Structures are given as structure tokens and as C-alpha cells.
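Asker: I'd like to ask some things about the structure below.
Numbering (the numbering used here), first residue to last: 2 to 67.
Pasting the structure below:
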């Protein structure tokens, strides 16, 4: 998923329902929410990038993404 620093919420193009996690980037942070009206988690951009790299490398204990 590419993060655009325009503050718009985005979800994966693989999401086939309305129950997907959404992310938005801007101001040096990444915002994450599970629903349009749900609570928002805030992470520094560097921490989010490290998390995404770990997931892609299979370092999070789950199956590697396709």
C-alpha cells in the first residue's frame, strides 16, 4: 500500500469488504483505523515503515504476503 501525504484515508486494493484497516499519512505520522467512525491510532512514519518492512520480510510470525 502506498501512503500519500495528502491526509486522505486509503485501504488496500485487495479489500473486498468495508471491514478493512484504513491508513492516512501526513505531518510525519501515519494514522490507522479499523472503521470510518472508530478510534484512530497514530504512529511515527519511520515506525510504520519499519512495521511494513517487517511484514513484507515475514518477520511478524505470520504468512508472507503474496
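In this text, a Cβ means the ideal position worked out from N, Cα and C, and glycines have one as well.
None of these values were measured; they are calculated from a predicted model.
For the alpha helix (DSSP H) that contains residue 56, what are its first and last residues?
Answerer: Here the alpha helix (DSSP H) through residue 56 covers 46-58.
Asker: Apart from the five residues just before and just after residue 49, which ones in its own chain have a Cβ nearer than 7 Å to its Cβ?
Answerer: Closer than 7 Å at the Cβ level, and outside the excluded window around residue 49, lie 31.
Asker: Can you tell me where the beta strand (DSSP E) holding residue 20 begins and where it ends?
Answerer: Residue 20 -> no beta strand (DSSP E), and no H or E assigned at all.
Asker: Quick check on the DSSP output: the beta strand (DSSP E) that includes residue 34 runs from which residue to which?
Answerer: Taken as a continuous stretch (DSSP letters only), the beta strand (DSSP E) holding residue 34 covers 30-34.
Asker: Output the distance between the C-alpha atoms of residue 33 and residue 42, rounded to the nearest integer angstrom.
Answerer: Computed Cα separation, rounded: 5 Å.
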